[in-house]
Amino acid sequence: MEEVEDDSPQAVRDLKKIKLARHDLLVGISAGGGAPYVLGGMRYARKLGAKVVGLTCNPEAPLKGALPMSA
Numbered sequence: 147m148e149e150v151e152d153d154s155p156q157a158v159r160d161l162k163k164i165k166l167a168r169h170d171l172l173v174g175i176s177a178g179g180g181a182p183y184v185l186g187g188m189r190y191a192r193k194l195g196a197k198v199v200g201l202t203c204n205p206e207a208p209l210k211g212a213l214p215m216s217a
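Numbered according to my numbering, the sequence shown spans residues 147 to 217.
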């Protein structure tokens, strides 16, 4: 199942399956900060109005763009 980290649409399917909603918080975790699965899930959560937090080891991570404010 290692290839799932490259499947952005799968993240959306998984979040729909658990009924992620605007009152939820999604924590996206990606060591390099660029896993398509994580980024896809974070974009979907933001689209719903859910709170989103990103955790990465990379200060220049692409996931920063999926957050409301970059620190």
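Don't be surprised by glycine CBs; every beta carbon is placed ideally from N, CA and C. These numbers come from a predicted model, not from an experiment.
Where does the unbroken beta strand (DSSP E) through residue i begin, and where does it stop?
{"i": "V173", "result": "L171 to I175"}
Going by DSSP in three states, residue i sits in which element: helix, strand or coil?
{"i": "G180", "result": "coil"}
{"i": "G187", "result": "helix"}
{"i": "G211", "result": "helix"}
{"i": "L166", "result": "coil"}
Could you please give the first and the last residue of the uninterrupted alpha helix (DSSP H) stretch that includes residue i?
{"i": "K162", "result": "S154 to K163"}
Under 6 Å Cβ to Cβ from residue i, same chain only, skipping five residues before and after it: list those, please.
{"i": "S216", "result": "Confidence in S216 is poor, its pLDDT being 49 and thus under 50, which makes the residue's placement too unreliable to answer from."}
{"i": "E151", "result": "A181 and Y183"}
{"i": "L194", "result": "R168"}
Spatial neighbours of residue i within its chain, please: C-beta separation below 7 Å, excluding the five flanking residues on both sides.
{"i": "P155", "result": "G186"}
{"i": "R189", "result": "A212"}
CB-CB under 8 Å to residue i, same chain, minus the five flanking residues each way: which ones, in chain order?
{"i": "L172", "result": "L161, L166, G187, M188, A191, A196, K197, V198 and V199"}
{"i": "P214", "result": "R192 and V198"}
{"i": "C203", "result": "A177, G178 and G179"}
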